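*Asks:*
Residue numbers (the numbering used here), protein chains in the order written: chain Z, 1 to 190; chain V, 1 to 124.
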């Protein structure tokens, strides 16, 4: 036997639920139609959205980085291999000690960060997974799709050493890599 | 504060008021930039990956000096006295001011520099 009070409570609850559903449908329609969400990269996200997206990424990366990941020994060879890749794939968006990103990187949203303190923000496994798996909706590619695990581990090793280099040392390293490449391309031409 | 004598409190507040009045006069000498646009430029240039900057989402970098209270900071990069002109000089060519510094030349326009300055000098 249901009392009158219970019935009224139930009706009120249903009415409240229907109102919430209606509001949700309207909000979703406003987002999907592009009225209240601007996908252009001209204006930064609101602080709340920027915080929410970044916080979600930090937690998602941490959650998926609990296992072991490949590691390469810190030798001159592995670090040079990592530096070559950093020069080829990373520096244009992320810059380096004393080196700016390409000017167009500031047109990206979210904008790619400089990585000098990346190894204090992220654990080794997190850095490996960030490079290997990329980050959705940021422009960061999943390098594991096109490079071997060893290559990814080498670039992570270099990222972990980068904060210990002075900008001058970093500049000299880049000069060496450029010289290597120039020597290779002259050898390559008949 | 609550333990101070009422007269001390009132005169303290008056002193703060007087100081901020003097501060207001100094505003005229500052470059006319927009702090709001400055916040956008600071976000876009990823300044926060190296600096702690209050009011900029995610600006918690531990590479360069924190920029909280920039307006009362006495030097820029420990090299130049803090003035709008020197800030412009540093932002335009950081590696000329600090040889072998980690702060890169970002290729900022004059307007971007003015806007960044407006934002930083609002950090009292």
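Just so you know, even glycine gets a beta-carbon here, dropped at the ideal spot from N, CA and C.
Everything numeric in this text was worked out from a predicted model, so none of it was measured.
According to DSSP, residue 96 of chain Z sits in a beta bridge with which residue or residues?
*Replies:* Position 96 of the first chain, counted from the start, is the residue given in the question as residue 96 of chain Z. Its beta-bridge partners are Z:99.
*Asks:* Relative to the C-alpha of residue 71 of chain Z, which candidate in Z:63, Z:64, Z:82, Z:62 has its C-alpha closest?
*Replies:* Residue mapping note: residue 71 of chain Z aligns to position 71 of the first chain, counting from 1. Measuring from the Cα of residue 71 of chain Z, the nearest candidate turns out to be Z:82.
*Asks:* Does the beta carbon of residue 118 of chain V come closer than 9 Å to any beta carbon on chain Z?
*Replies:* Within the second chain, numbered from 1, the residue matching residue 118 of chain V stands at position 118. No - not a single Cβ of chain Z is within 9 Å of the one on residue 118 of chain V.
*Asks:* Which partner residues of residue 60 of chain V appear in the DSSP bridge assignment?
*Replies:* To locate residue 60 of chain V, count along the second chain from 1; it is residue 60. Paired residues: V:52.
*Asks:* Leaving out the 5 sequence neighbours to the left and right, which residues in its chain are closer than 8 Å to residue 68 of chain Z when beta-carbon positions are compared?
*Replies:* Numbered from 1 along the first chain, position 68 holds the residue referred to as residue 68 of chain Z. Cβ neighbours of residue 68 of chain Z beyond the five flanking positions: 125.
*Asks:* Who are the Cβ neighbours of residue 62 of chain Z in its own chain at under 7 Å, not counting the five residues just before and after it?
*Replies:* Start at 1 with the first residue of the first chain, and residue 62 of chain Z comes out as number 62. Contacts found: 126.
*Asks:* Work out the CA separation of residue 40 of chain V and residue 150 of chain Z for me, nearest whole Å.
*Replies:* Residue numbering aside, residue 150 of chain Z sits at position 150 when the first chain is read from its first letter. Residue numbering aside, residue 40 of chain V sits at position 40 when the second chain is read from its first letter. Cα to Cα, the separation comes out at about 38 Å.
*Asks:* Could you run through the region 83-101 of chain V and flag, in chain order, every residue whose CB is less than 8 Å away from some CB of chain Z?
*Replies:* From the region 83-101 of chain V, only 95, 100, 101 have a Cβ closer than 8 Å to chain Z.
*Asks:* Is it buried or exposed, residue 105 of chain Z, if we count other Cβ atoms within 10 angstroms and call 16 or more buried?
*Replies:* The residue labelled residue 105 of chain Z in the question sits at position 105 within the first chain. Answer is buried; the Cβ neighbour count reaches 16.
*Asks:* So is residue 103 of chain Z in contact with chain V if we call contact Cβ pairs under 9 Å?
*Replies:* Locating residue 103 of chain Z in the first chain gives position 103, where the first residue counts as 1. With 9 Å as the cut-off, residue 103 of chain Z counts as an interface residue toward chain V.
*Asks:* Could you tell me whether the Cβ atoms of residue 36 of chain V and residue 112 of chain V are closer together than 9 Å?
*Replies:* The residue labelled residue 36 of chain V in the question sits at position 36 within the second chain. The residue labelled residue 112 of chain V in the question sits at position 112 within the second chain. Not closer than 9 Å, so no.
*Asks:* Taking C-beta pairs closer than 8 Å, name the residues in chain V that residue 192 of chain Z reaches, listed in chain order.
*Replies:* Summary: the structure shown does not reach residue 192 of chain Z, with chain Z confined to residues 1 through 190, and so no result is reported for it.
*Asks:* I need the DSSP call for residue 75 of chain V, collapsed to helix, strand or coil.
*Replies:* Position 75 of the second chain, counting from 1, holds the residue named residue 75 of chain V. It is a strand residue.
*Asks:* Just the Cα atoms here: how many angstroms apart are residue 53 of chain V and residue 103 of chain V?
*Replies:* To locate residue 53 of chain V, count along the second chain from 1; it is residue 53. To locate residue 103 of chain V, count along the second chain from 1; it is residue 103. So the alpha carbons of these two residues sit roughly 15 Å apart.
*Asks:* Under three-state DSSP, which class holds residue 17 of chain Z?
*Replies:* Taking the first residue of the first chain as 1, we reach residue 17 of chain Z at position 17. Reduced to three states, the DSSP call for residue 17 of chain Z is helix.
*Asks:* What is the C-beta distance between residue 61 of chain V and residue 49 of chain V, in whole angstroms, given that I count them as a contact (C-beta under 8 Å)?
*Replies:* Residue numbering aside, residue 61 of chain V sits at position 61 when the second chain is read from its first letter. Residue numbering aside, residue 49 of chain V sits at position 49 when the second chain is read from its first letter. Cβ-Cβ separation between residue 61 of chain V and residue 49 of chain V: approximately 5 Å, consistent with a contact (criterion under 8 Å).
*Asks:* So if I threshold CB-CB distances at 7 Å, which residues from the region 80-99 of chain Z count as touching chain V?
*Replies:* 95, 97, 98, 99
*Asks:* Does the Cβ of residue 77 of chain V lie closer than 8 Å to at least one heavy atom of the ligand ATP?
*Replies:* The model depicted lacks the ligand ATP and carries no ligand whatsoever.
*Asks:* Run the CB neighbour count on residue 184 of chain Z, radius 10 Å, all protein chains shown included, and call it buried at 16 or more, exposed below.
*Replies:* Counted from its first residue, the first chain places residue 184 of chain Z at position 184. Per the 10 Å Cβ criterion, exposed.
*Asks:* What's the gap between the Cα of residue 55 of chain V and the Cα of residue 5 of chain Z?
*Replies:* As a first step, residue 55 of chain V must be located in the second chain, where it is residue number 55. As a first step, residue 5 of chain Z must be located in the first chain, where it is residue number 5. Using only the alpha carbons, I get a separation of about 51 Å.
*Asks:* Where does residue 129 of chain Z land, buried or exposed, given buried means 16+ other C-beta within 10 angstroms?
*Replies:* Here residue 129 of chain Z corresponds to residue number 129 of the first chain, with the count starting at 1. It counts as buried.
*Asks:* Which of the three DSSP states is assigned to residue 26 of chain V in this structure?
*Replies:* On the second chain, position 26 is the one that residue 26 of chain V refers to. The pLDDT assigned to residue 26 of chain V is 44, lower than 50, so where the model puts this residue is not dependable, and the model offers no usable value.
*Asks:* Could you tell me whether any Cβ in chain V is nearer than 9 Å to the Cβ of residue 203 of chain Z?
*Replies:* Missing from the structure shown is residue 203 of chain Z; chain Z here goes from 1 to 190 and no further.
*Asks:* With H, G and I counted as helix, E and B as strand and the rest as coil, what does DSSP make of residue 177 of chain Z?
*Replies:* Taking the first residue of the first chain as 1, we reach residue 177 of chain Z at position 177. The answer is helix: DSSP assigns residue 177 of chain Z an H, G or I state.
*Asks:* Jot down the residue ranges of each uninterrupted alpha helix (DSSP H) in the region 43-71 of chain Z, minimum 4 residues, whole runs only, in chain order.
*Replies:* Counting whole runs of 4 or more residues, the region 43-71 of chain Z contains the alpha helix (DSSP H) stretches 47-63.
*Asks:* Whose C-beta lies closer than 8 Å to the C-beta of residue 119 of chain Z among residues of the same chain, with five residues either side of it excluded?
*Replies:* Here the question's residue 119 of chain Z lines up with position 119 in the first chain. Only 127, 159, 160, 162, 163 meet the Cβ criterion.
*Asks:* Excluding the 5 residues preceding and the 5 following residue 67 of chain V in the sequence, name in chain order all residues of the same chain whose CB lies nearer than 7 Å to its CB.
*Replies:* If you number the second chain from 1, residue 67 of chain V lands on position 67. So the list reads 51, 52, 53, 120, 123, once near-sequence residues are dropped.
*Asks:* Can you confirm whether the region 46-62 of chain Z touches the region 140-155 of chain Z when touching is taken to mean that 3 or more C-beta pairs between the two stretches lie within less than 8 Å?
*Replies:* no
*Asks:* I'd like to check one pair, residue 41 of chain Z with residue 107 of chain Z: are the Cβ atoms closer than 9 Å?
*Replies:* Mapped onto the first chain, residue 107 of chain Z falls at position 107. Mapped onto the first chain, residue 41 of chain Z falls at position 41. For residue 107 of chain Z and residue 41 of chain Z, yes; Cβs fall inside 9 Å.
*Asks:* Taking all protein chains shown into account, decide if residue 90 of chain V is buried (16 or more other Cβ within 10 angstroms of its Cβ) or exposed.
*Replies:* Locating residue 90 of chain V in the second chain gives position 90, where the first residue counts as 1. Under this definition residue 90 of chain V is a buried residue.
*Asks:* Pick helix, strand or coil for residue 183 of chain Z, following the three-state DSSP scheme.
*Replies:* On the first chain, position 183 is the one that residue 183 of chain Z refers to. Looking at residue 183 of chain Z - three-state DSSP - the assignment turns out to be helix.
*Asks:* Leaving out five residues on either side along the sequence, give the residues of the same chain with a beta carbon under 8 Å from the beta carbon of residue 74 of chain V.
*Replies:* Taking the first residue of the second chain as 1, we reach residue 74 of chain V at position 74. 81, 82.
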